[in-house]
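Protein sequences appear in the order of chains A and B. Counting with the numbering used here, you get residues 289 to 549 for the letters of the first sequence. Counting with the numbering used here, you get residues 2 to 226 for the letters of the second sequence.
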Amino acid sequence: MIRAHENPLALRAGILAILVHVVLLALMFLSFNWHTVQATSVAQVELWNEIPMPQKVAKPLPEPVPEEPKPEPPKPVIEPPKPVEQVPEPKAEIQIKKESVKEVKPKKVEEKPKEPPKPDPVKLKEAEKKRQDDIRKLQQMFADEDQKAQAPTKVVTAPVNDTPSVSAATQSQYAGLVDQKIRPFVNKQLCGTGKPVVTFEITLMPTGEILGSPRLIKGSGMSACDDSIDRAIRQANPLPKPPAEILAVSRTLTLNFRPND
Amino acid sequence: MNLTDDMSLFTLLSGASVPVQLVMAILLLTSLASWWYIFIKVFSLKAAEREIVDFEQDFWRGGDLNKLYESVNAGRKRPQGMSSIFEAGFKEFTRLKRQGGLEMSDITESARRAMRAAYNREMDDLDAHLPFLASVGSVSPYIGLFGTVWGIMNAFRGLANMAQATLAHVAPGIAEALIATAIGLFAAIPAVIAYNRFASSVDRLAVRYESFMEEFTNILQRNKG
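#1: Mapping the DSSP letters down to three states, classify A:Asn544 as helix, strand or coil.
#2: If contact means a Cβ-Cβ distance below 7 Å, which residues of the stretch 118-142 of chain B contact chain A?
#3: Leaving aside the five residues before and after B:Met163 along the sequence, list all residues of the same chain whose C-beta is less than 8 Å from its C-beta, in chain order.
#4: Tell me which same chain residues have a C-beta within less than 8 Å of the C-beta of B:Glu88, skipping the five on either side of it?
#5: A:Gly480 versus chain B: which residues are under 9 Å apart at the beta carbon?
#6: With 8 Å as the threshold, decide whether the Cβ of A:Ser329 is near any Cβ in chain B.
#7: If you run the structure through DSSP and keep just helix, strand and coil, what is A:Val353?
#8: Flag this pair as yes or no: are the beta carbons of B:Ala181 and B:Val24 separated by less than 8 Å?
#9: Can at least three beta-carbon pairs, one atom from the stretch 463-474 of chain A and one from the stretch 510-527 of chain A, be found at a separation below 8 Å?
#10: Going by CA-CA distance only, name the one from B:Asp126, B:Pro191, B:Asn224 that's closest to B:Leu33.
#11: Would you please verify whether the beta carbon of A:Glu294 is less than 8 Å from any beta carbon of chain B?
#12: Report the residue from B:Thr218, B:Arg223, B:Asn224 whose alpha carbon sits nearest the alpha carbon of B:Arg114.
#13: Measure the C-alpha to C-alpha separation of A:Ala456 and A:Asp549 and round it to an integer number of angstroms.
#14: Going by DSSP, name the residue or residues bridged to A:Pro506.
#15: Kindly confirm or deny that the stretch 91-108 of chain B and the stretch 130-147 of chain B touch, where touching means at least three C-beta pairs closer than 8 Å.
#16: Name the chain A residues that come within less than 8 Å of B:Ser32, Cβ to Cβ?
#17: Should B:Trp36 go down as buried or exposed, given a rule of 16 or more other Cβ atoms within 10 Å for buried?
#18: Between which residues of its own chain and B:Gln222 is the CB-CB distance below 6 Å, once the five residues before and five after are set aside?
#19: With burial defined as no fewer than 16 other Cβ atoms inside 10 Å of the residue's Cβ, what is the status of B:Glu93: buried or exposed?
#20: A:Val308: which of B:Leu14, B:Val193, B:Asp65, B:Leu29 sits nearest, CA to CA?
#21: Using only the alpha-carbon positions, how far apart do A:Lys506 and A:Gln523 sit?
#22: Given a cut-off of 8 Å on the beta-carbon distance, is the pair A:Glu497 and A:Thr542 in contact?
#23: Just tell me which of A:Leu297, A:Met510, A:Gly509, A:Asp518 has its CA closest to the CA of A:Arg551.
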């Protein structure tokens, strides 16, 4: 290490060397102590956690509202005399209308039966009285169903008498919510530029938490892409609370992802 | 590392991954060792220079060489620097002269050889630790760079798992990693500066020793009596 003649110097030199380091470290501590004040992107996460279900419901619905209610009322009206519950498919259509009418303009719908002369503001003005009658009939029909239909969103009674089919609207609504929740976590760059479709199966708890691990049903062919979606699902873990309607049918969900859409 | 944390030096050090921390520990040790040697070298070179000045003053005062030899050997310690060269040469010269029966040129030649041996010993002492400083100066930036590369690799691998890759996710990792390079440079720069300075002052001392040897050989040759 050191020569014999350097022994008397060693201690002094060692102390000085340590002193140099202490001084420099102290200087660095004083000058390096920068504070990072960052505009964190945490806000996004909080948004999702705090928005209650009903508000989210509003988002997917606006699309069906303007188009479907108007053209379709006549058709169901013709058929209603026959049993309301026919084949699952037409029923689903009715439910879409019912829900859309009910939830988007709930107050208006309820006002109508009480004040028939004063029709609804914009959309229903164009409709003739016949139509209004039809609508009223429909509404009465809905009112009957409301007890059945409103129940499923809060109580689990309705699906029991029905078939296991879940209304397309709630299903697509919920799918939209899940998609919105998971999408920010997906690293799209791993999925290339094509249009891969990845199918996962997950089991949900009633609270929206994922039971076990997501199961890959059909991969995109790119394992990195599949993995990234798997990670995204795990990261999104408390998914939005599934509607009771869906839970009543099955707790396993099949999710189709198109990361590049 | 949490984004809301303040990026103080301490969090940068403690947040780094194990290989990077290892690299930083090695660099800190080399830095300590090189500064230790630097100070040892500063002191010993200064002492050697002072010794040369003192001895030359005594030598050129023109006193009796025997007396000078006595005073050099008087101390308990072995003579060092120029006095050790003088001591080796003068001892050899007097011994051969007392022995008798030898040509003058042979006697001075062998005294010169003895001085050359003492000179080599002195040079060895003066050169001590310089190779260490040289290798610290050239290698420690690479060690630091290795730590940085490793740390940045980890930072980017972590980024791959992130959905929305923002600078805020990579920046702390890279800052941690760069600390390693900073420490490497911190160890290397003083070592290189010190190496260059010491090398040149050792050269200067060597020149003074050699010229003293030449002059002393001349004096011995003249001093036939």
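Glycine included, every Cβ here is placed at the ideal spot set by N, Cα and C.
Taking the structure as given:
#1: A:Asn544 falls in the strand class under three-state DSSP.
#2: Residues Asp126, Ala129.
#3: The residues His170, in chain order, have a CB closer than 8 Å to that of B:Met163 in the same chain once the five nearest residues on each side in sequence are set aside.
#4: Within the same chain, Cβ atoms closer than 8 Å to the Cβ of B:Glu88 are found at Tyr70, Val73, Asn74, Pro80, Ala119, the five residues on either side in sequence being excluded.
#5: At a C-beta separation below 9 Å, A:Gly480 has no neighbours in chain B, since its nearest C-beta there lies roughly 15 Å away.
#6: At A:Ser329, the pLDDT of 46 sits below 50, so the modelled position is not reliable; the number obtained from the coordinates is stated separately. Yes, A:Ser329 lies at the interface with chain B (some Cβ there is under 8 Å from its Cβ).
#7: Any reading at A:Val353 must be qualified, since the residue scores a pLDDT of 47, below 50, and its modelled position is unreliable; the value itself is stated next. A:Val353 carries a helical assignment under DSSP once its states are collapsed to helix, strand and coil.
#8: If you check the CB distance, B:Ala181 and B:Val24 come in under 8 Å.
#9: The way I'd put it, the stretch 463-474 of chain A does touch the stretch 510-527 of chain A; three or more beta-carbon pairs between them come closer than 8 Å.
#10: Relative to B:Leu33, the option among B:Asp126, B:Pro191, B:Asn224 whose CA is nearest is B:Pro191.
#11: So, interface residue.
#12: Distance check between B:Arg114 and each of B:Thr218, B:Arg223, B:Asn224 places B:Thr218 closest, using alpha-carbon atoms only.
#13: Their backbone Cα atoms lie some 21 Å apart in a straight line.
#14: The amino acid at residue 506 of chain A is misidentified as Pro; the sequence shows Lys. Within the DSSP secondary-structure output, A:Lys506 pairs in a beta bridge with A:Thr487.
#15: Because the criterion of three Cβ pairs below 8 Å is not met, the stretch 91-108 of chain B and the stretch 130-147 of chain B do not touch.
#16: The contacting residues are His309.
#17: Buried is the call here.
#18: Thr109, listed in sequence order.
#19: Classification for B:Glu93: buried.
#20: Considering only alpha carbons, the answer is B:Leu29.
#21: Using only the alpha carbons, I get a separation of about 20 Å.
#22: No; because the gap between Cβ atoms is not below 8 Å, this pair is not in contact.
#23: Because chain A in this structure spans residues 289 to 549, residue 551 of chain A falls outside the shown range and cannot be described.
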